[in-house]
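Undergrad: Numbering (numbering that gives the first Met the number 0), first residue to last: 0 to 88.
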Amino acid sequence: MSGQSKYDEHTELVEKMAAVLGVDLTEEAMAGNWTPEDMQATVSRCLGCTDPAHCKGWLEDQQEDAAHAPGYCRNKDLLEAMRTRLVSA
């Protein structure tokens with residue numbers, strides 16, 4: 000892996016997936032709704048993905064905010080719940 004650790008790669012995927020869904024993890028952390036432990040658990044789930052290249056491709060294809068994460072995303076339920084909470088607020 001060219002200079003980027005697998006953990007860093009999946010951290011980036013989590014951050015991009017959240018952003019595509021309209022969830023700003025930095026804002027969530029500042030509001031006290033997202034902790035470093037939450038991020039670690041989310042990245043750990045992402046690390047279990049068997050095809051991160053497919054996820055990267057899906058993320059690159061997104062032109063606007065996506066309504067849903069792809070079905071194979073191990074953090075789909077979590078990120079969509081965050082999105083729903085933010086939209087409802």
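Positions of the beta carbon are idealized from the N, C-alpha and C atoms, including for glycine.
Please identify the residue among Met81, Trp57 and Val86 whose C-alpha is closest to the C-alpha of Trp33.
TA: The option with the nearest alpha carbon to Trp33 is Met81.
Undergrad: Please classify Met0: does DSSP put it in a helix, a strand, or coil?
TA: In this prediction, Met0 has a pLDDT of 47, which is less than 50 and means its spatial position is unreliable; what the coordinates show is noted afterwards. In this structure, Met0 counts as coil in the three-state DSSP scheme.
Undergrad: Here's a check: name, in chain order, each residue in its chain whose Cβ is nearer than 8 Å to the Cβ of Val86, leaving out the five neighbours to either side.
TA: So the list reads Gly21, once near-sequence residues are dropped.
Undergrad: For His9, name the three-state secondary structure that DSSP assigns.
TA: Note: His9 maps to helix in three-state DSSP.
Undergrad: Is the Cβ-Cβ distance between Ala158 and Met16 less than 9 Å?
TA: Only positions 0 to 88 of the chain appear in the structure, and residue 158 is not among them; the question remains open.
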